[in-house]
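For the record, the sequence lines run as chains A and B. In short: position in the first sequence from 1, add 3, done, that's my numbering. In short: position in the second sequence from 1, add 9, done, that's my numbering. Quick reminder that beta carbons are idealized off the backbone N, C-alpha and C, glycines included. So the structure is just underneath, and the comments pick up after that.
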Amino acid sequence: MLRIQEKLQILADAAKYDVSCSSSGVKKSNGGKGLGNSDGMGICHSYTEDGRCVSLLKVLLTNHCIFDCAYCVSRKSNDIPRAAFTVNEVVELTINFYRRNYIEGLFLSSGIFKNADYTMERLVRIAKLLRTEHNFHGYIHLKTIPGASPELLLEAGLYADRLSVNIELPSEKSLQHLAPEKNYKEIFEPMNFLSTKLISSKEERKIFKKAPKFAAAGQSTQLIVGASPESDRQILKLAGGLYSEQRLKRVYYSGYIPVMSDTRLPSLTSLPPLLRENRMYQADWLMRFYGFAVDEIAPENVPFLDTELDPKMAYALRNPAMFPVEINTADYELILRVPGIGVKSAKMIVAARKHAFLTLENLKKMGVATNRAQYFITCKGVLASQMPNAKPEQIRQLVMSNHNKHQKKHTGQLSLF
Amino acid sequence: MVTPNNQLPLFTPVSPVRQNAGSYAPKPYKQQFLFLYDGTFNGLLTTIFEIYERKAEPLRIEAAHKNQPFLFGQCLSVETNLDKAQRVMLGIEKKTSQGALHSLYKAFLAEQPGIEMIIYRWVKYAMASNMNIETNFTNDDVLRIKQINKQISREVHRMHAFVRFQRTADNIYFATVSPDFDVLPLLADHFERRYPDQQWVIYDTKRKKGIYFNMTETLDIELETTSVAMNSGTLDEEITHEEEQLFKLLWQNYFVATNITERKNMKLHIKHVPKRYWKYLSEKQPEINLNTAQTQHSLMGAQARYLNTKKAA
Numbered sequence: 004m005l006r007i008q009e010k011l012q013i014l015a016d017a018a019k020y021d022v023s024c025s026s027s028g029v030k031k032s033n034g035g036k037g038l039g040n041s042d043g044m045g046i047c048h049s050y051t052e053d054g055r056c057v058s059l060l061k062v063l064l065t066n067h068c069i070f071d072c073a074y075c076v077s078r079k080s081n082d083i084p085r086a087a088f089t090v091n092e093v094v095e096l097t098i099n100f101y102r103r104n105y106i107e108g109l110f111l112s113s114g115i116f117k118n119a120d121y122t123m124e125r126l127v128r129i130a131k132l133l134r135t136e137h138n139f140h141g142y143i144h145l146k147t148i149p150g151a152s153p154e155l156l157l158e159a160g161l162y163a164d165r166l167s168v169n170i171e172l173p174s175e176k177s178l179q180h181l182a183p184e185k186n187y188k189e190i191f192e193p194m195n196f197l198s199t200k201l202i203s204s205k206e207e208r209k210i211f212k213k214a215p216k217f218a219a220a221g222q223s224t225q226l227i228v229g230a231s232p233e234s235d236r237q238i239l240k241l242a243g244g245l246y247s248e249q250r251l252k253r254v255y256y257s258g259y260i261p262v263m264s265d266t267r268l269p270s271l272t273s274l275p276p277l278l279r280e281n282r283m284y285q286a287d288w289l290m291r292f293y294g295f296a297v298d299e300i301a302p303e304n305v306p307f308l309d310t311e312l313d314p315k316m317a318y319a320l321r322n323p324a325m326f327p328v329e330i331n332t333a334d335y336e337l338i339l340r341v342p343g344i345g346v347k348s349a350k351m352i353v354a355a356r357k358h359a360f361l362t363l364e365n366l367k368k369m370g371v372a373t374n375r376a377q378y379f380i381t382c383k384g385v386l387a388s389q390m391p392n393a394k395p396e397q398i399r400q401l402v403m404s405n406h407n408k409h410q411k412k413h414t415g416q417l418s419l420f
Numbered sequence: 010m011v012t013p014n015n016q017l018p019l020f021t022p023v024s025p026v027r028q029n030a031g032s033y034a035p036k037p038y039k040q041q042f043l044f045l046y047d048g049t050f051n052g053l054l055t056t057i058f059e060i061y062e063r064k065a066e067p068l069r070i071e072a073a074h075k076n077q078p079f080l081f082g083q084c085l086s087v088e089t090n091l092d093k094a095q096r097v098m099l100g101i102e103k104k105t106s107q108g109a110l111h112s113l114y115k116a117f118l119a120e121q122p123g124i125e126m127i128i129y130r131w132v133k134y135a136m137a138s139n140m141n142i143e144t145n146f147t148n149d150d151v152l153r154i155k156q157i158n159k160q161i162s163r164e165v166h167r168m169h170a171f172v173r174f175q176r177t178a179d180n181i182y183f184a185t186v187s188p189d190f191d192v193l194p195l196l197a198d199h200f201e202r203r204y205p206d207q208q209w210v211i212y213d214t215k216r217k218k219g220i221y222f223n224m225t226e227t228l229d230i231e232l233e234t235t236s237v238a239m240n241s242g243t244l245d246e247e248i249t250h251e252e253e254q255l256f257k258l259l260w261q262n263y264f265v266a267t268n269i270t271e272r273k274n275m276k277l278h279i280k281h282v283p284k285r286y287w288k289y290l291s292e293k294q295p296e297i298n299l300n301t302a303q304t305q306h307s308l309m310g311a312q313a314r315y316l317n318t319k320k321a322a
């Protein structure tokens with residue numbers, strides 16, 4: 004095996020637990036020169052066999068690390084092969100992959116060697132080289148190393164489209180327990196610093212169009228689900244705060260995959276909590292695109308999301324007084340709350356009903372999942388399911404028998420009788 | 010045996026039957042036409058112009074080369090006329106939003122049987138209405154145009170993702186595709202903007218035509234070569250750039266390394282990357298075999314060059 008192959012293998016393997024791979028959120032052109040652009044919507048150039056998007060060349064600069072975080076495969080005490088790219092190797096890989104249309108750009112992270120600033124400085128140098136020497140206009144996502152100095156963060160924002168610092172553990176207590184060298188202050192300080200800077204830079208650009216762009220695709224972070232005891236409600240509360248306070252563009256949820264045995268963590272044989280992770284993403288979507296508050300998705304008395312039903316359906320069944328909604332007159336925001344109606348369908352409904360009264364048949368043709376929506380909508384005053392007396396519990400049974408693609412996963416041991 | 014009076018006759022006449030001419034003037038015999046056009050979008054727009062001009066209701070509109078025998082009514086061949094097409098375009102633009110015409114064009118490229126009549130009825134409906142009808146999804150033709158647009162946009166997006174260039178010895182980046190629809194005309198813009206400083210070719214092996222960007226403009230091309238293996242899109246070794254194998258191999262390695270085996274989910278994988286696209290995806294092609302001495306030698310050479318130039322840089 005060639006040395007460069009070996010390095011790529013080690014450093015891509017070590018980077019893969021960072022789930023973010025998005026290349027969206029920024030629109031920029033190269034002005035007809037140089038290499039690359041970004042269209043705003045992001046492109047997944049391939050998908051791994053686990054079904055995740057491959058949009059960026061996602062590698063660590065090195066997996067040498069002075070920290071010993073229990074959940075991390077690159078922790079100091081883990082006996083694994085180590086490697087480090089040179090600055091030019093990363094640059095050449097990025098450019099050559101990009102020219103062949105393999106990727107949208109680079110996502111560069113790193114283990115911490117020597118100290119935070121030393122590491123951050125190298126990440127920034129690569130981004131700078133790509134932008135200035137190679138006239139590269141593709142997407143660059145840089146990891147902010149906790150504890151790095153504000154000057155370096157500012158420089159990073161000039162070259163990168165997106166910056167992220169991973170919180171990983173959804174409470175400070177768990178962080179201290181599993182990653183004793185890290186603390187919330189060192190994570191939130193750069194995040195807050197960047198969010199202030201992002202807002203002020205946007206304001207500046209409103210006044211001076213030529214003011215330099217600063218990490219136009221904003222910040223993101225990642226939370227590990229299932230490595231520590233926090234409830235879904237706690238995690239969503241944290242995420243909701245990050246969206247509203249720190250103005251994050253994305254929060255990613257990563258179902259914990261046991262990478263080594265440690266008494267503080269789920270055992271190596273336990274399966275990654277994929278269904279729980281999926282529900283977290285659904286809940287996240289409800290917060291970002293459907294106008295739901297955390298307290299509506301996971302109220303105090305129901306701190307965990309229903310694994311058998313999607314969170315929007317679960318909400319509807321908990322709040323029967325909100326329904327049914329008349330499809331021909333209700334506000335967009337209310338239509339958006341109906342299970343089985345997504346953002347696209349809701350927009351189509353609101354646009355189409357200016358022309359004619361909509362029937363259930365129309366909705367079906369337009370792509371609404373009427374098998375779920377029917378219990379919660381009326382068309383011209385008639386309840387679509389024609390079951391006006393159905394209790395939430397009944398609807399739950401009906402929906403589940405109709406829609407049981409996840410049920411198998413819970414069965415586990417087959418019953419004998 | 011008695012047949013009830015109200016029973017339908019076994020055969021419904023296909024061609025209109027002339028009404029009996031009494032003291033009233035006979036209703037004019039409404040003739041139905043089959044319009045033949047040249048298979049281009051401008052041809053279709055010209056046809057629509059002719060339909061209005063002659064007040065002749067079409068039964069079908071078909072590309073001349075796909076024409077099926079037509080038994081009833083009259084065949085009319087339309088000659089494409091850019092002025093007439095332009096007038097129809099202006100008419101559509103007056104009645105609808107800016108994107109509407111483009112969405113009709115995209116639907117046209119989807120090559121679906123009967124698309125001409127859907128587009129004709131869409132235009133007729135738009136012309137007759139006082140409102141912009143684009144969002145009236147209770148109308149089947151409007152909904153159909155919207156749905157076909159979704160399909161074709163997805164295919165375009167897939168091509169943006171799945172095109173895999175190979176670098177040739179003379180520095181052209183070459184890719185083969187075989188999309189479900191004729192999306193090549195919709196691809197040039199994206200790749201021009203993305204790679205303004207590189208020459209590239211995207212060749213549609215299904216429709217046997219390609220586009221070539223020479224760093225100034227994109228040209229339609231045909232390919233007369235035996236240097237491309239059509240089953241995998243792979244270029245012959247002698248016309249391939251010396252670094253190509255190395256980066257293809259590294260990409261294949263990356264694709265494997267970035268996967269999390271504990272989360273394996275082939276159903277989801279295939280949903281996102283349907284099998285019909287696999288043959289031209291470098292990461293899905295057999296891994297380059299390092300054992301053959303020659304490959305090993307050329308890869309080592311490529312690696313050495315790659316690392317040396319980097320040191321010099």
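What residue range does the alpha helix (DSSP H) around A349/A cover? In the first sequence, counting from the first residue as 1, residue 349/A sits at position 346. Taken as a continuous stretch (DSSP letters only), the alpha helix (DSSP H) holding A349/A covers V346 to A355.
Output the distance between the C-alpha atoms of I157/B and R130/B, rounded to the nearest integer angstrom. Mapped onto the second sequence, residue 157/B falls at position 148. Mapped onto the second sequence, residue 130/B falls at position 121. I157/B and R130/B: Cα-Cα distance of roughly 15 Å.
Near M224/B, what residues of its chain come up, given a Cβ to Cβ distance below 8 Å and the 5 sequence neighbours on each side ignored? Against the second sequence, residue 224/B aligns to sequence position 215. Result list for M224/B: P205, D206, Q207 and Q208, in chain order.
Should L244/B be flagged as near chain A, meaning a C-beta pair shorter than 8 Å? Taking the second sequence and counting its residues from 1, the one referred to as residue 244/B is at position 235. The beta-carbon of L244/B is placed no less than 8 Å from the nearest beta-carbon of chain A.
Are the CB atoms of V341/A and F292/A nearer to each other than 8 Å? Sequence index remark: in the first sequence, residue 341/A carries index 338 (1-based). Sequence index remark: in the first sequence, residue 292/A carries index 289 (1-based). No, these two residues do not count as a Cβ contact at 8 Å.
Within 8 Å of any Cβ in chain B, is that where the Cβ of M369/A sits? Within the first sequence, numbered from 1, the residue matching residue 369/A stands at position 366. With 8 Å as the cut-off, M369/A counts as an interface residue toward chain B.
Applying a beta-carbon distance threshold of less than 7 Å, which residues of chain A neighbour T267/B? Residue mapping note: residue 267/B aligns to position 258 of the second sequence, counting from 1. Residues of chain A passing the Cβ test: A15, K19, T51, V57 and K61.
Within chain B, the residues that N33/A reaches when beta carbons sit closer than 9 Å: Start at 1 with the first residue of the first sequence, and residue 33/A comes out as number 30. Within 9 Å Cβ-Cβ: R202, R203, P205 and D206.
Burial state of G34/A, where buried means 16 or more other Cβ atoms lie within 10 Å: Within the first sequence, the letter at position 31 stands for residue 34/A. Exposed, since its Cβ has fewer than 16 Cβ neighbours within 10 Å.
Whole runs of the alpha helix (DSSP H) within the segment 45-132 of chain A, excluding any shorter than 4 residues: List check, alpha helix (DSSP H) in window: 90-102.
From G141/A to L197/A, what does the alpha carbon distance come to, in whole angstroms? For the purposes of this step, residue 141/A is identified with residue 138 of the first sequence, where counting begins at 1. For the purposes of this step, residue 197/A is identified with residue 194 of the first sequence, where counting begins at 1. Straight across, the Cα-Cα distance linking G141/A with L197/A is about 22 Å.
Would you call the segment 151-162 of chain A and the segment 192-210 of chain A in contact, with 3 or more CB pairs under 8 Å? Pairwise C-beta distances place the segment 151-162 of chain A in contact with the segment 192-210 of chain A, as three or more of them are shorter than 8 Å.
Measure the alpha-carbon distance for Q261/B versus G229/A and round it to whole angstroms. If you number the second sequence from 1, residue 261/B lands on position 252. If you number the first sequence from 1, residue 229/A lands on position 226. In a straight line, the C-alpha of Q261/B is about 32 Å away from that of G229/A.
Just the chain C side, please: which residues come within less than 8 Å of A333/A by C-beta, in chain order? You won't find chain C in this structure, because its protein chains are A and B.
Among K115/B, T56/B and Q83/B, which residue has its Cα nearest to the Cα of V97/B? Taking the second sequence and counting its residues from 1, the one referred to as residue 97/B is at position 88. Comparing Cα-Cα distances from V97/B to each of K115/B, T56/B and Q83/B, the minimum goes to T56/B.
Cβ-Cβ distance between L289/A and R250/A below 8 Å: As a first step, residue 289/A must be located in the first sequence, where it is residue number 286. As a first step, residue 250/A must be located in the first sequence, where it is residue number 247. The answer is no: Cβ separation not under 8 Å.
List the residues of chain A that K273/B touches, going by C-beta distances under 8 Å, in chain order. Locating residue 273/B in the second sequence gives position 264, where the first residue counts as 1. The contacting residues are E52 and D53.
Step through the CB atoms of chain B and report whether any lies within less than 8 Å of the CB of G45/A. Here residue 45/A refers to the residue found at position 42 of the first sequence. So no, G45/A is outside the interface.
With a threshold of 16 other CB atoms inside 10 Å of the CB of P122/B, please say whether the residue is buried or exposed. Here residue 122/B corresponds to residue number 113 of the second sequence, with the count starting at 1. It is exposed - the Cβ of P122/B has fewer than 16 other Cβ atoms within 10 Å.
Could one say the Cβ of Q12/A lies closer than 8 Å to chain B's Cβ atoms, at least one of them? Mapped onto the first sequence, residue 12/A falls at position 9. Output row for Q12/A: interface = yes.
Can you tell which of S404/A, Y255/A, P183/A and L366/A has its C-alpha closest to the C-alpha of E329/A? For this step, residue 329/A is matched to residue 326 along the first sequence. When each option's Cα is compared against that of E329/A, the closest is L366/A.
I want to verify the contact list: residues of chain A whose CB lies under 7 Å from the CB of T147/B, in sequence order. If you number the second sequence from 1, residue 147/B lands on position 138. Taking a Cβ-Cβ cut-off of 7 Å, the neighbours of T147/B in chain A comprise A355, H358, A359, L361 and N365, given in sequence order.
For A119/B, which of N141/B, E59/B, L193/B and N90/B has the nearest alpha-carbon? What you label residue 119/B is simply residue 110 of the second sequence in a count that begins at 1. Between A119/B and the set N141/B, E59/B, L193/B and N90/B, the nearest pair of CA atoms involves L193/B.
Just verifying my parser: in three-state terms, what is the DSSP assignment at F307/A? Position 304 of the first sequence holds residue 307/A. The DSSP-derived three-state label of F307/A is coil.
Name the chain B residues whose beta carbon is nearer than 7 Å to that of M351/A? Reading the first sequence from its first residue, position 348 is the one you call residue 351/A. Contact annotation for M351/A against chain B: F146 [CB-CB distance below 7 Å, chain order].
So which residues on chain B does P275/A lean against when the C-beta distance must stay under 7 Å? For the purposes of this step, residue 275/A is taken as residue 272 along the first sequence, with counting starting at 1. Under the 7 Å cutoff, chain B gives E271 and R272.
Rounded to whole angstroms, what's the CA-CA distance from A10/A to K31/A? Just pull it up for me. For the purposes of this step, residue 10/A is taken as the residue at position 7 of the first sequence. For the purposes of this step, residue 31/A is taken as the residue at position 28 of the first sequence. The displayed chain sequence assigns Lys, not Ala, to residue 10/A. Answer to the nearest angstrom: the Cα atoms are 32 Å apart.
Closest to P276/A by C-alpha separation, out of A163/A, S257/A and E124/A, would be which residue? The residue given as residue 276/A occupies position 273 in the first sequence. Considering only alpha carbons, the answer is S257/A.
A184/B - partner residues in DSSP beta bridges: What you label residue 184/B is simply residue 175 of the second sequence in a count that begins at 1. Its beta-bridge partners are I211/B.
With a cut-off of 8 Å, do at least 3 Cβ pairs link the segment 211-218 of chain A to the segment 168-180 of chain A? By the criterion of at least three beta-carbon pairs nearer than 8 Å, the segment 211-218 of chain A is not in contact with the segment 168-180 of chain A.
Just the chain A side, please: which residues come within less than 7 Å of N158/B by C-beta, in chain order? Taking the first residue of the second sequence as 1, we reach residue 158/B at position 149. By Cβ distance, chain A contributes nothing, its closest Cβ being about 12 Å from N158/B, past 7 Å.
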